[in-house]
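Chains as they are written, first to last, in my numbering: chain L, 1 to 474; chain S, 1001 to 1313; chain U, 2001 to 2496; chain C, 3001 to 3107.
See below for the structure under consideration.
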Amino acid sequence: MSAWPAWTVVIPLVGAFASWLVGRKSAFVAIASALATVGVTVVLALEVHARGTVLHRVGGWGAPLGIELRVDGPAALLLVVLGIVTALTSASAVAHFPMGRRRSTFITLWLIAWAGLNALLVSADLFNLYVALELITLTSVGLISLGPSRESIRAALQYLLVAILGSLGYLLGVALVYGECATLDVALAGERLARGTVSSAAFALVAAGLSLKSGLFPLHAWLPSAYANAPSPAAALLSGVLGKAAFVVLYRITGETFPLVLDAAPAQIVGVQAGAAIVWCSLLALRQRRLKMLIAYSSLAQIGYMFLAIPIGTPLARAGALYIAISHAAASAAIFTATGALERASGNDSIDALPGVAQRNPLTFFSLAIGGVNLMGLPPTGGFIAKWLLVRAALESGQWWWAVVVLVGGLIAAAYVFRVLREAFVPAVPLPATADAPQLAEVVSLLLAAVSLLLGVSPSWPLSLAMQSLGEGP
Amino acid sequence: MTFDWLLDATVAAALPLVAWTVARSVALSRAIVLFIAFGLLSALAWTRLGAIDVALVEASVGAGLSGALVMSALSWANLDEATVARRSVIARAFVAAAIALCLGAVLLGVPDPSEGLLGDVSANLGDAGVHQPITAVLMSYRGYDTLFELVVLISAALTIGAAKSARLEARPGSDLLRALADALLPLCIVLSAYFLWRGSNAPGGAFQGGAVLAGGVLVSTLAERLRRPRLTVWWIRAALVLGPASFLLVGMPRFVEGAPFLEYGPQSASRAIFAIELGSLVTIALVLASFFPGVGPLETAPDASSERTRGHR
Amino acid sequence: MSLETTLPLLVLLTSLVPGVVIFFLPEKRHGIRTLLNVGAAVAKLGLTAVMAAGIAAGHRYETRFRFVPSADLVLRSDSWALMFVVLSAMLWLATTIYAVGYLEGSPERSRFFGFFSLCVASTMGIALAGNLVTFFVFYEMLTVTTYPLVVHRGTREALHAGDVYLRYTIAGGVLLLAGIALVYALAGHGDFTEGGFLAPLGERHRTPLIVAFALLVAGLAVKAAIVPFHRWLPIAMVAPAPVSALLHAVAVVKAGAFGITRVLYDVFGLHFARDLGVTGFLAIAAAVTIIYGSCAALWQSDLKRRLAYSTVSQISYIVLGMAVYGALSTIGGSVHLVHQGLMKVTLFFCAGNLAEELGVHDVHDLRGVARRMPLTMAAFTIGALGMIGIPPVAGFVTKWYLGIGALEAGEGWCVVVLLASSLLNAAYFLPIVYDAWFAEPRIVFRDRVASAEVRLSLLLPTLATAALSIGAGALAGFSWSPLGWAKRIASQELRP
Amino acid sequence: MSQWILYAASAAATVAIAGVGAFVAVEPVRRLLSINIAYSGVFMAFVALARRTTSGEADPVPHALVLTGIVVSVSSTALALSLTRRLVRATERSGRDSSSSPDEREA
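Here it is as structure tokens:
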């Protein structure tokens, strides 16, 4: 038994309370706890890499009575990468919010959200996952509501109402699972669940709730305005990290609780939704005039790629979905941070306004471009690795149509990404000398883009973690 | 026996009916009143099902607090917007019926009888440090959940407080209210302490106690018997996070020594749990009170309206 | 960490690292940027020389990283890779010097040279790739890094060209990826093997293999500009001359042709591909492209567009040579990889010189231009004669081997195609050459400013590549000439 | 018919009715009411399932889960109401003077 899983939750939580108590000067506390949290997750990942799944019994009780924290390879990978992205993104918040109440509220909410995220990643208990999901939902809503306009509040409200509706479905599914097998432990429930109506219905409810929370097609229309109207650091956190929470839960329980249901009809329905999300949301992204809306829709399409792991179902596909999750986390955080910086410089995030600002801030635009290449799934970014794994998995499992969907999605992504990138080459009236992006945000977005590149250039370590629980690791 | 059955059947049938009426009410005020009625009805259902704790919390927090919150929405909600789509009633009824049938069929398909985790819970009560099974689950077996639940409460309060809290539109401030508050606050404190103490071996605990205390704080603040605490004061902020902080503080020493997180040790378990419940009670009371606009402790700037009412008085 | 395991990586890094560094250099640091560019190009040339010597001496160079399951990132140098690498390294040096002169005083040079270097790095990766996944990684990097070069000028026309370029190449990339994934799904790996590795699967997976071949070749044909995927190439002409030179001579179209070569020889194996019955289609497509490109070139009055259609036609010589079964045509195809590069880069340099010095773009304005710019036109003449296939310029060697190769394989119709194409080549090149030397000027040319007819940084690379075009043809008998190397390749690939 | 079945059926009907209501509702407060009722239905399912024991003593774990669930759902209700209220006020304010951006004063 290792203490590290609990530490990944305790440290950001203590940091959140400390920053809350310190008040205005919370930035130092934030930096310290961010460094400590990332450090702990790295140590944990190394331990998982060396020794396999790490277990912690909270309170010493153990399943089924108590709650167990179990960190397998995928969870460790997500802990590290999402942790790094979270830490980097929040650094840009310092540039975004002037010192004051909004900044300290952001910091506290961000640390709580991080604690919730880590709790979600390490937890092996169905109900604890629900509580962690709700924690993430509420902090996400808080982060969105810090936005500048009335639209932010409207978006936050909409986000909250849809998210709790999604949790409702999940919770009902959990009730069924508990009723059927008298345990809330994900793996134990998986052992006790037989193939049948109850398990299929429970999966359908859980999947419906979680896909609603993720904004999977066709119930996606509520999400883009949340991303587009949140403050940029919050948008980066949401689309990069927190928006993946529901998927991560589904990923975990499809692997451990519902492996039997995967070849049944509900999984194929999820697949159709995912495919439609990839194509339709990409097409919608193509039509947007605002950069943030475009990225928001593209995030929805990327969510679709992740959900493809469920119908394809092979270890390779699951690794691919996981890889989409981590590389998109870095890429979309990079893009949102860069967009926020450019928006600062130009006053709005309209695509038409890009030419001037892109030429004044080439490095910021450069990170935007790398993020864009990641969205297209082209090398040398992590997006390519993910796409490769998914396409190969689809072909190997004989379900070649999913490969076609993935490739078509990549084509449309290229269309909307280059619609943005080409603006950098349009000669424009030079902007006034003040139109520079905040330097901190520039550095942060470059670092995030570097993470995405690193994932694309050196995927073997992350992949060995991603495939560890599936018996292909060292 | 038949009476029991009849009562159960009535309650069970009434619940979906009330739910339907809430959704179908044209006037928002009517929907809200029915919503509170639904809460009380479900509290009744839960007592029937032997879930006294749940019924208590539902009556105080669920129906009571939520009901009051929603009720306060009447004062500012734009009632003109309250529209109910009339045309699709049949379609909706049909869809709802279909879903209800499927859900019901699945729910009734679970094994019966089933002991659940009853046996495990009872067998480990000795080590848990409390005699009341639900308190044992909440504070010991699944104390980790409770920790997060408190954090959820706090983050909601934080977001609500992040916007500058607006003043309450109609402030009563009458002598009657002040007299009531003077009598109520001590009563609430005593009552919540009682709930807390009782929690270790009978229904009751931090939540029920916290809800009661929140009510007292609420009335007193409304009556301006209690100063509005400010977030700029550090101990107010500390009090708000006392619940989860006490979880961490109590759990930390043994955790650092190498024991599992939130393992209190067999000897000190009951004391540890009591300390945590005490902290949680403070957090819950403060946070719940803060949910009410213009009342809670999350005022950062002196409010112009309080000066005005004071002058008026 | 011996030279055996690091040399391919070093060859790649000598253009990758300068590319990245240049992005972060301030726009005004011309001196450092030029030094970095030329220094890196020279260093790369040196490294490739070491590599060539090593391979001739029997060493094997391979850099391998763990990448994705069942596909490492492999950079290794076999004979074919070396041929492409040496060509790219030489032409990179020439083009860099040319580009430094050509873009003097224009804006956004940091961006230009950054992407230019990355583009060459991608080409190096393509050349050295040891399996399909590695190939694809660099192939797509090439797509992304050439886009900024195509739209460099930022005009409406340039942006349109960029859009068209992307539409074709990204779609091609998708087809290629699908094909590669199919190969991995069927065979479990995609490591380039001399003689191919798919033959054992032929019994059970005939249809999927044909699909895979179609996907792979269609994806690659986009960059190789084979009809009907050729339309982007003439439109991409709006890019600055050095870019066109690079696109046409080394980077993009060659990447496509080289990829087709790899697929035919090292994935399927020529023998197995013939058994599958797919080479015939490829040969026909190549023949159609050869004739179509030559015909279309006849009607172009813009010099660069005429050269572009000529490229469309010439690249398919390579494909045709590869697709026709037999050692001699393999030699012809692979040697044309080098020959076409040298000749076409010369022609584009000349077109750039004419445009830069005199502002001349239309072929009709070239009358009498040789009096004003004799050296440039001499280089142009050499390139043009080579394209037609007149000895001793390198193009003759190619056509000779292609012709006798086709006869050896019993594909007599190919000879007809080659002859017809040569006639057409003559029809669109000879009038230009004749008019330039012997006709009276139609327009008044600007007076000479510098001591030479054009800036030396433009003139010297032009003359150098022209000289190489003659050298490659005249010295074809030596074993270290492109032809000698191509013979070596053919003997390895088609070992019985 | 045993007691838990009655309530489980009631829970199913409540969740279905309120869930559909939540999907259809336009106005936030109404949607919130429906969602809350639907949650009560889910909690009812938990509590009913806890009643299947042979001894007559209910399984305490679902009860504890429901307690936690109620508190979580109260938090989100309060948050949703607070946001709705801010939205209504911001709309009113921008209706009064369209010149100033609604939430600037809160910054």
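Each residue gets a CB set at the ideal place from its N, CA and C atoms; glycine is no exception.
What first and last residue would you give for the beta strand (DSSP E) that runs through residue i?
i, result
"L2075/U", "2071-2077"
"E1263/S", "It is not in any beta strand (DSSP E) - E1263/S carries neither H nor E in the DSSP assignment."
"H56/L", "54-57"
"F2065/U", "2061-2068"
"E3027/C", "First-last for E3027/C: undefined, no H or E at that position."
"R70/L", "68-71"
Compute the distance between the beta-carbons of residue i and residue j, then report whether it is under 8 Å.
i, j, result
"G2007/U", "Y2061/U", "It is worth fixing the name first, because residue 2007/U is Leu in this sequence and not Gly. Against a cut-off of 8 Å, the Cβ pair of Y2061/U and L2007/U comes out as a contact."
"L2494/U", "A2327/U", "yes"
"F477/L", "C281/L", "This structure does not reach residue 477/L, given that chain L is present from 1 up to 474, and the question cannot be answered."
"L138/L", "A1156/S", "yes"
"F336/L", "S232/L", "yes"
"Y323/L", "A386/L", "yes"
"E2411/U", "V2335/U", "no"
"V248/L", "L120/L", "yes"
"V2238/U", "E2157/U", "yes"
"S3082/C", "I1160/S", "yes"
"S2469/U", "A2394/U", "yes"
"L44/L", "A325/L", "no"
"L1153/S", "V3071/C", "yes"
Could you name the residues of the same chain whose beta carbon sits closer than 6 Å to that of residue i, not counting the 5 residues immediately before and after it, in chain order?
i, result
"V391/L", "A403, V406"
"F2067/U", "L2073"
"L284/L", "Y297"
"L2282/U", "A2323"
"S224/L", "This sequence places Pro at residue 224/L; Ser is not what is there. Closer than 6 Å at Cβ, skipping near neighbours: M293, A296, Y297."
"I3005/C", "none"
"A3012/C", "none"
"T108/L", "A16, S19, W20"
"W2437/U", "A2370"
Tell me, to the nearest whole angstrom, how far the beta carbon of residue i is from that of residue j; I am working on the premise that it is less than 8 Å.
i, j, result
"V80/L", "V42/L", "6 Å"
"G2219/U", "L2175/U", "4 Å"
"V1022/S", "F1035/S", "5 Å"
For residue i, which residues from the same chain have a beta carbon less than 7 Å from its beta carbon, with the 5 sequence-adjacent residues on both sides left out?
i, result
"I2226/U", "A2285, A2286, T2289, S2316, V2319"
"A208/L", "G169"
If we count the other Cβ atoms within 10 Å of its Cβ and call it buried at 16 or more, is residue i buried or exposed?
i, result
"A265/L", "exposed"
"M99/L", "exposed"
"V2444/U", "exposed"
"G371/L", "buried"
"H2364/U", "exposed"
"G2105/U", "exposed"
"E1149/S", "buried"
"D2163/U", "buried"
Counting along the chain, where does the alpha helix (DSSP H) carrying residue i start and finish?
i, result
"E1149/S", "1143-1162"
"L1138/S", "Careful: L1138/S lies outside any alpha helix (DSSP H) and carries neither H nor E."
"L1240/S", "1234-1240"
"E2157/U", "2156-2187"
"E256/L", "245-256"
"F307/L", "291-307"
Grab me the residues of residue i's own chain with a C-beta within less than 8 Å of its C-beta, minus the 5 sequence neighbours each way, in chain order.
i, result
"T1047/S", "A1055"
"V94/L", "A27, R103, L440"
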